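Each residue of the sequence shown is one higher than the last, beginning at 283 in our numbering.
Glycine included, each C-beta is placed from N, C-alpha and C at the ideal position.
All values reported here derive from a predicted model rather than from experimental measurement.
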Amino acid sequence: MVDHDRLYKELLQTFFKEFVELFFPQVSQWLDFNHIVFLSEEIFTDLKGGKRGRVDLLIETKLKGENAILIVHLEPQSYYEKDFAERMFLYASRLYEKYRCKVLPIAIFSHSRKTKEPNEFFWKFPFLDVMRFHYYVLEIKHQNWRDFIHSDNPVAAALLSSMGYNKKDRYEIQLGFIRILLRLKIDPAQMELLTVVFETYFNLTPKERFKLEGEVMKRNPQEEGEMMEIISRWRKMGREEGKVEGKLEGKLEGKLEGLEEVAARLLDKGYPVELITEVTGLPAPSIQKLQEATSS
Numbered sequence: 283m284v285d286h287d288r289l290y291k292e293l294l295q296t297f298f299k300e301f302v303e304l305f306f307p308q309v310s311q312w313l314d315f316n317h318i319v320f321l322s323e324e325i326f327t328d329l330k331g332g333k334r335g336r337v338d339l340l341i342e343t344k345l346k347g348e349n350a351i352l353i354v355h356l357e358p359q360s361y362y363e364k365d366f367a368e369r370m371f372l373y374a375s376r377l378y379e380k381y382r383c384k385v386l387p388i389a390i391f392s393h394s395r396k397t398k399e400p401n402e403f404f405w406k407f408p409f410l411d412v413m414r415f416h417y418y419v420l421e422i423k424h425q426n427w428r429d430f431i432h433s434d435n436p437v438a439a440a441l442l443s444s445m446g447y448n449k450k451d452r453y454e455i456q457l458g459f460i461r462i463l464l465r466l467k468i469d470p471a472q473m474e475l476l477t478v479v480f481e482t483y484f485n486l487t488p489k490e491r492f493k494l495e496g497e498v499m500k501r502n503p504q505e506e507g508e509m510m511e512i513i514s515r516w517r518k519m520g521r522e523e524g525k526v527e528g529k530l531e532g533k534l535e536g537k538l539e540g541l542e543e544v545a546a547r548l549l550d551k552g553y554p555v556e557l558i559t560e561v562t563g564l565p566a567p568s569i570q571k572l573q574e575a576t577s578s
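Okay, structure coming up:
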């Protein structure tokens, strides 16, 4: 079972600056990224009805030189919780009571429910507006992936597959993700994290993923060498994590000819048989036959 909270927390802790710049640019202009301290998560036990609550990310920072606390709460659940806004208020007020500094709250929703989430909690009387508390709301599924497809932001790459899109858009989503990775200068561990997040929410079977990757390379011959290296790296990750069950032998009906075309072009560019096998899924003997045919 996927631990969604842990996955999102690791992504945001690794790319916190990029996350804020992408979704909250107005905050990034105020925030001192040289003063970012991730605190241990807070557990609140005295919420309504005896419920326990947890703030997922708690960040000590400065906003224009003034001490501040950022709270980021992750909410993956698909059902509506009428007391959520109140819970955010309680989190913020108790953190203010403890740290005695301004608190900036952010709620991230990853569910696909269409209703808009509230971003405030208040109470008032007919004669007095007593209190009104606001917080940022980010609904990943409500984001238009086309607004992020040309970004150079690693968080945009990882979350493309979590945004709202139709099945017919999957080719462009996959291609967009690969192209963002090609533009990024990140280490292998960071690339692995982005890939794990992206693939976790892309919901493809190994067969579908293989088919789509082959189509991406076939339709983009100018970039297929670089794409091949990234896809090869993914498949190695997948085997290490048990995500890819066995090798696909290039027997996808109606796709074999296209894969052979890709393999022939890669051979022509001097790539080794082992790497071409890794990327296309074609068996090594078939690629060796292609090599002999093209060299004769």
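Query: Whole angstroms are fine: how far does the CA of F366 sit from the CA of K467?; Result: 39 Å
Query: Measuring CA to CA, which of L464, R414 and Y418 is closest to Q308?; Result: Y418
Query: Going by DSSP in three states, V284 sits in which element: helix, strand or coil?; Result: coil
Query: Evaluate contact between the region 402-411 and the region 429-449, counting only Cβ atoms and requiring at least three cross-stretch pairs below 8 Å.; Result: no
Query: Enumerate in chain order the residues of its own chain whose CB-to-CB distance from A545 is below 7 Å, with the five nearest sequence positions on each side excluded.; Result: I558, T562, L564, I569 and L572
Query: By the three-class DSSP mapping on this structure, what secondary structure does F305 have?; Result: helix
Query: To the nearest whole angstrom, what separates the beta carbons of S394 and K364, a pair I think is in contact under 8 Å?; Result: About 19 Å; that fails the 8 Å criterion.
Query: Rounding to the nearest angstrom, what Cα-Cα distance links K346 and R414 in this structure?; Result: 24 Å
Query: What is the rounded straight-line gap between the Cα of G496 and the Cα of E421?; Result: 32 Å
Query: Determine, using beta carbons only, whether V479 and A438 come nearer to each other than 8 Å.; Result: no
Query: Quick one: is K493 buried, meaning 16 or more other Cβ sit within 10 Å of its Cβ, or exposed?; Result: buried
Query: What first and last residue would you give for the beta strand (DSSP E) that runs through L420?; Result: Y418 to E421
Query: If I measure Cβ to Cβ from Q295 and keep anything under 8 Å in the same chain, skipping five residues before and after, which residues do I get?; Result: F320 and L339
Query: Taking its Cβ as the centre, do 16 or more other Cβ atoms sit within 10 Å of S392, making it buried, or is it exposed?; Result: buried
Query: Determine the DSSP secondary structure at R414, reduced to helix, strand or coil.; Result: strand
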